[in-house]
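In the order they appear, the protein sequences are chains V and F.
The number in the working numbering is simply the position in the first sequence, starting from 1, with 45 added.
The number in the working numbering is simply the position in the second sequence, starting from 1, with 55 added.
Virtual Cβ for every residue (Gly too), placed ideally from N, Cα, C.
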Amino acid sequence: MLTSFASFLSQLAQTLLVVLVAPLMLGWVSQCRAWLQNRSGPGLLQPYRVLFKLFDKDALMAHNASAIFRGAPYIQFGCMVLAASVVPIIETNLLFAPAADVIALVGVFALARVFSALAAMDAGTSFGSFGARREMLVASLSEPALLMVFFTPLLIVQSSSLNVIVDTLAHREFALYPSLAFAAVAFIMVLLAENARIPIDNPATHLELTMIHEALILEYSGRHLALIEWANAIKFTTYCTIGIALFMPWGIAQAGAWQMLPAAVAVLIVKLCAIGAGLALMETVSAKMRIFRAPEFLGMAYMLAALGMLTLLLLGA
Amino acid sequence: MSAQLINLMASLMLLIAFAMLAQRRIRSLIYLFAWQGAVLAVNSVIVAWYTGHGELYLSAFFTVLLKVIALPLVLHYLIRKLDIQWDVETLINIPTTMLAGIVLVVFAFNLALPISQLAGTITRGTLGIAIAVVLLAFLMMITRRKAVPQVIGFLAMENGLFFAATSATYGMPMVVELGILLDVMVGILILGIFFFQVREAFDSLDLKHMEKLKESGE
């Protein structure tokens with residue numbers, strides 16, 4: 046009874062942490078980008094200000110919009126909160142962990158994506174459906190790559206539960222795993238593609254012909270838009286925490302190790318800051334590629350992930 | 056620890072082989088070739104240090120001298136002289152080439168598995184990667200139609216063979232190794248002259264012009 050209460054508390058704390066910190070993470074990345082480009086930047090709290098502003102406004106709907114259009118933001122938000130809840134970030138004692146392993150996690154992301162595409166096509170504007178088509182083009186290529194990325198740590202640990210993976214990888218003796226390095230590079234490429242970051246999509250653009258993510262949410266306003274933006278922030282942060290859990294899990298406390306919690310939180314903050322700064326650097330030095338180069342980029346990610354798995358099978362490392 | 060380092064070097068070899076397969080620009084291709092030589096040399100040094108085979112140090116030294124410094128310099132000089140620093144086109148598109156490459160890697164790994172189980176060397180696991188590097192370089196030669204990338208593919212294939220020798224038997228006898236290095240050096244010099252002749256005759260380094268040689272005109 047006591048242990049289940051403890052894991053409930055730990056679950057609640059971790060989920061709330063990710064959900065509340067997610068906009069801050071986006072703010073940190075854009076702040077770093079601003080610094081690298083010699084601009085002063087909008088400040089770390091800008092995403093929160095945007096969310097407050099949007100929640101305050103009235104939500105306008107197209108006349109012919111159906112229930113899908115109305116419900117999609119809530120479904121997306123729910124999916125992202127669920128995804129955020131199954132990734133251990135501070136401690137591996139999570140109540141929701143049996144709800145979804147890494148493979149089901151890919152499915153949760155896919156569910157959210159399907160509804161965002163359906164909602165974009167629902168209003169019947171040309172931009173919406175072309176955004177949905179592009180989103181699906183990118184997704185159909187990044188999803189297999191993401192699955193392949195997961196297979197490498199999964200084969201090392203022989204389990205698909207994130208809790209077990211983190212527990213095993215974080216508390217083994219140090220060993221060089223070239224296969225994990227391959228998978229990590231592929232994961233970064235998938236992360237950039239899935240979160241509409243720069244080589245694939247430019248989150249700051251308002252030029253209709255190049256945008257993917259912006260075209261999907263063009264018809265939304267008010268609280269719906271706020272929920273979608275928030276869900277995307279959570280998705281981005283969850284991807285970062287998945288990366289931490291798979292490729293640099295050192296410092297995440299084991300179940301029941303309460304005295305390790307402050308250190309685990311500190312380590313998490315340092316890792317997230319480093320990831321944000323690294324992504325900002327990558328986005329500053331690279332340019333957005335043409336949409337038809339995206340299959341090549343994601344094909345490369347798939348290839349790297351597959352290579353990681355193959356080297357693991359051959360070398361055992 | 057040495058086994059892990061050797062595995063790391065092997066993975067880097069494989070990664071560079073794939074990068075060469077996907078690279079469109081000739082200049083970057085030459086840089087990648089130099090990097091592959093460097094990884095090869097480091098691998099030789101690690102194996103030499105672990106097994107105490109002194110002549111492997113020597114072969115690492117020659118590898119650095121020839122494949123990291125001399126050949127890339129010659130190639131850079133050639134492409135500057137030929138004025139071909141622009142994009143290389145590939146015959147089939149890059150994702151397809153990549154998939155073909157992955158199939159080749161699976162094939163090579165399967166091929167090497169029984170051999171590695173028989174071998175007792177520390178480097179036995181990397182034999183599959185060595186064969187894969189040879190096959191990938193071969194694939195690169197097949198998919199490119201310009202002359203210079205084909206020659207780089209040929210050199211990369213030699214790198215793979217060298218790596219295979221190191222991983223299967225701790226390297227070839229010194230005489231053989233030196234002979235091969237000399238062959239490669241001379242081969243590059245001859246091919247360098249050949250490039251100019253090809254361009255003189257066909258006004259291009261595209262090798263598809265050479266397929267129409269027989270009975271032209273009549």
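Assuming residue i contacts residue j (C-beta within less than 8 Å), just tell me the rounded distance between them.
i              : j              : result
residue 197(V) : residue 353(V) : 5 Å
residue 128(V) : residue 153(V) : 5 Å
residue 274(V) : residue 96(V)  : 7 Å
residue 245(V) : residue 183(V) : 6 Å
residue 74(F)  : residue 63(F)  : With 8 Å as the limit, residue 74(F) and residue 63(F) do not qualify as a contact, their Cβ atoms being about 16 Å apart.
residue 159(F) : residue 125(F) : With 8 Å as the limit, residue 159(F) and residue 125(F) do not qualify as a contact, their Cβ atoms being about 29 Å apart.
residue 324(V) : residue 81(V)  : The pair is not a contact, with the Cβ atoms about 11 Å apart (cut-off 8 Å).
residue 290(V) : residue 207(V) : 6 Å
residue 153(F) : residue 77(F)  : 7 Å
residue 141(V) : residue 56(V)  : 6 Å
residue 342(V) : residue 334(V) : 7 Å
residue 139(F) : residue 81(F)  : 6 Å
residue 218(F) : residue 185(F) : 4 Å
residue 107(V) : residue 264(V) : 6 Å
residue 188(V) : residue 155(V) : 6 Å
residue 103(F) : residue 119(F) : Incorrect: roughly 13 Å between the Cβ atoms, too far for contact.
residue 240(V) : residue 281(V) : 5 Å
residue 215(F) : residue 196(F) : Not confirmed; about 12 Å, so no contact.
Should residue i and residue j be called a contact, given that it needs their Cβ atoms to be closer than 7 Å?
i              : j              : result
residue 94(F)  : residue 56(F)  : no
residue 279(V) : residue 132(V) : no
residue 346(V) : residue 190(V) : yes
residue 174(V) : residue 166(V) : yes
residue 114(V) : residue 164(V) : yes
residue 247(F) : residue 114(F) : no
residue 163(F) : residue 183(F) : yes
residue 298(V) : residue 136(V) : yes
residue 269(V) : residue 157(V) : no
residue 168(V) : residue 110(V) : yes
residue 84(F)  : residue 99(F)  : no
residue 179(V) : residue 257(V) : yes
residue 127(F) : residue 89(F)  : yes
residue 392(V) : residue 89(V)  : Residue 392(V) lies beyond the residue range present for chain V, which begins at 46 and ends at 362; the question has no answer from this structure.
residue 172(V) : residue 117(V) : no
residue 123(F) : residue 92(F)  : yes
residue 284(V) : residue 317(V) : no
residue 262(F) : residue 202(F) : yes
residue 236(F) : residue 117(F) : yes
residue 194(V) : residue 350(V) : yes
residue 102(V) : residue 267(V) : yes
residue 223(V) : residue 259(F) : no
residue 79(V)  : residue 72(V)  : no
residue 211(V) : residue 294(V) : yes
residue 340(V) : residue 186(V) : yes
residue 261(V) : residue 176(V) : yes
So residue i contacts chain V; which residues on that side make the cut at Cβ distance below 9 Å?
i              : result
residue 100(F) : Near residue 100(F) there are no residues of chain V at all, since even the closest Cβ is about 17 Å away, more than 9 Å.
residue 217(F) : Within chain V, no residue comes near residue 217(F); the closest Cβ sits about 19 Å away, beyond 9 Å.
residue 180(F) : 359, 360, 361 and 362
Listing by chain order, which chain V residues have their CB less than 8 Å from the CB of residue i?
i              : result
residue 157(F) : 348, 351, 352 and 355
residue 284(F) : Outside the displayed span of chain F (56 to 273) sits residue 284(F), for which this structure offers no information.
residue 183(F) : 359
residue 164(F) : 355, 358 and 359
residue 161(F) : 355
Tell me, please, which residues DSSP counts as bridged to residue i.
i              : result
residue 228(V) : According to DSSP, residue 228(V) bridges with nothing at all.
residue 261(F) : 201(F)
residue 290(V) : According to DSSP, which records beta bridges pairwise, residue 290(V) is partnered with nothing at all.
residue 29(V)  : Any property of residue 29(V) remains undetermined from this structure, which presents chain V solely from 46 to 362.
Give the residues of chain F in contact with residue i, contact being defined as C-beta atoms less than 9 Å apart.
i              : result
residue 221(V) : 56, 59, 60, 62 and 63
residue 345(V) : 73, 77, 149, 150 and 153
Would you mind telling me which residues of chain F sit closer than 8 Å to residue i, beta carbon to beta carbon, in chain order?
i              : result
residue 227(V) : 66 and 70
residue 340(V) : 150
Just to confirm, does residue i get its C-beta within under 6 Å of one of the non-hydrogen atoms of the ligand SAM?
i              : result
residue 177(V) : For the ligand SAM, the structure offers nothing, since it holds no ligand at all.
Report task. Can you give me, in chain order, the residues of the stretch 78 to 95 of chain F that have a beta carbon less than 7 Å from any beta carbon in chain V? Result -> none
Query - Residues in the stretch 232 to 263 of chain F having any Cβ partner in chain V nearer than 8 Å - result: none
**Report entry** Under 7 Å (Cβ pairs) to chain V, residues found in the stretch 186 to 198 of chain F
**Finding:** none
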